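Peer 1: Sequential numbering of the first sequence, starting at 32, is according to the numbering used here.
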Amino acid sequence: MKTLIVIVGATATGKTAAAVQMAQKLGTEILSCDSRQFYNELSIGVARPSDDELAAAKHHFIACRSVAEPYNVFEYEHDALAVLNQLFKSKDTAIAVGGSGLYVDALCKGINLMPDPTPELRAELSARIAAGHLPQLLDELQRLDPEYYAIVDRRNPIRIQRALETIYTSGRKYSELTGEKLPERPFRIVKIGIRCERNELRDRIDRRVDAMMQAGLLDEVSDLLPFRGLNTLNTVGYKEIFEYLDGIKSLEQAITEIKNHTWQYAKKQITWLKRYDGISWVDRNNFEDFLQVFDPKRY
RNA sequence: GGGGAAGUCGCAUAGUGGCAAUUGCAACAGACUGUAAAUCUGUCCUCUUCGGAGUUCAGUGGUUCGAGUCCACUCUUCCCCA
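(1) Apply the 10 Å Cβ neighbour rule to Ser311 and answer buried if 16 or more other Cβ atoms are within range, or exposed otherwise.
(2) Starting from the C-beta of Val221, find all residues in its chain whose C-beta is less than 8 Å away, skip the five residues before and the five after it, and write them out in chain order.
(3) Going by C-alpha to C-alpha distance, which of Arg233, Met53, Tyr205 sits closest to Ala124?
(4) At which residues does the alpha helix (DSSP H) containing Ser63 begin and terminate?
(5) Among Arg229, Phe105, Leu169, which residue has its Cα nearest to the Cα of Leu138?
(6) Are Gly163 and Trp303 close, meaning C-beta to C-beta below 8 Å?
(7) Looking at the strands, I want to know which residues DSSP matches up with Ser311.
(8) If you count every other CB in all the chains shown that lies within 10 Å of the CB of Lys46, and 16 or more means buried, which is it?
(9) Sort Pro148, Leu73, Met145, Pro217 by Cα distance to Lys120 and report the nearest one.
(10) Which residues bound the beta strand (DSSP E) around Leu35?
(11) List the whole-angstrom C-beta distance separating Glu196 from Pro150, where the pair is believed to meet the contact cut-off of C-beta under 8 Å.
(12) What residues in its chain sit with their C-beta under 7 Å from that of Ala88, if we drop five residues either side in the sequence?
(13) For Glu215, which of Ile126, Asn143, Ala43 has the nearest alpha-carbon?
(14) DSSP on Asp193, reduced to helix/strand/coil?
Right under this line is the structure:
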């Protein structure tokens, strides 16, 4: 049976390098599960793999889209399965690596397909929320899908909006759609978690942010000014520098915030990973030793 | 040496007689099925059987039923004149 090796872990733990080494050892290719590395215009700030790394192993889903045409989990799942299908014709293993939990989930477990809301519907719901009408939306949700209403985070507008827009466009309950059983993947999944001691990770994050600045993050972000309204650019490393460019804060403040926010993101990722069973954890400093003896068949 | 302003829970900030005390940041924990590096929640003086209990607003003393808030002195910081 074919095996997908999924490398997970917090940001800045060295997942990218680990995946490349793994790919070289196994002679296979890499699928990225990173919701920001999809974008062509985002490079330094999202720690895209270096040219050398990209040359060392074939990567999919890196810089494959423009920020002007955002990707989403459904498309991603569909495309990723297609890539895997193709890849497994000639290889026994494939590697997935990335820090976006939802995308890792979509790839490993799948995601219930839901219809596209029309832009008008989405805009209308957003407008109602912006106008402070969340309570009315909650009433609608309670009436149309009491099961989901009972468990949603009612203070999170995005959740409410999402549920309502799918209810209105599908004519079915959101809880019904998410409750449908997902088919098993036709391949084995082996999860490898890269771990890094807290202080070391903090330090690595700080140094990586400094390195990004040296590599020209400021220019990268300046060039993206025209797109700053897009959610895709509501991203650590970009939003802070936009504020610097606005004159709202000093460059030093912006850099400190990027470091803090990256740390907060890393912790969020670690929290997310607690939901997975069966991750084989390996300390980043022992990865090479681990790889020496690693045999996917034994996991 | 003279005059003025100020010291609040890690940092910043609100509070001029009823306060364990506002807000932001940071920190810590958590949620997550089409925005996911997004969005949202809880904790954040100490102890707690989560009902409360005990100590707080530079320090000491005082006025008051009651003081972060008023008064006196002390310490510290900043600004202006010398």
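The beta carbon of each residue, even a glycine, is placed where N, CA and C say it ideally should be. All values reported here derive from a predicted model rather than from experimental measurement.
Peer 2: Result, derived from the coordinates:
(1) Flag for Ser311 reads exposed.
(2) If we look at Val221 and ignore the five residues flanking it on each side, its Cβ neighbours are Thr34, Leu35, Ile36, Val37, Ser311, Pro327, Tyr330.
(3) Position check: residue 124 holds Thr in this sequence, whereas Ala was assumed. Among Arg233, Met53, Tyr205, the Cα nearest to that of Thr124 belongs to Met53.
(4) Unbroken run through Ser63 is the beta strand (DSSP E), 61 to 63; no alpha helix (DSSP H).
(5) Comparing Cα-Cα distances from Leu138 to each of Arg229, Phe105, Leu169, the minimum goes to Phe105.
(6) Taking 8 Å as the Cβ cut-off, Gly163 and Trp303 do not qualify as a contacting pair.
(7) Beta-bridge partners of Ser311 (DSSP): Ile223.
(8) If you draw a 10 Å sphere on the C-beta of Lys46, you find 16 or more other C-beta atoms in it, and that means buried.
(9) Check the Cα spacing between Lys120 and each of Pro148, Leu73, Met145, Pro217: the tightest is with Pro217.
(10) Note, Leu35: beta strand (DSSP E), 34 to 40.
(11) 11 Å between Cβ atoms; not a contact.
(12) Take Ala88, set aside five residues on each side of it, and the residues of its chain with a beta-carbon closer than 7 Å to its own are Val51, Ala54, Gln55, Glu60, Ile61, in chain order.
(13) Closest by alpha carbon: Asn143.
(14) Asp is not the amino acid found at residue 193; the sequence shown has Arg there. Annotated three-state conformation of Arg193 is helix, per DSSP.
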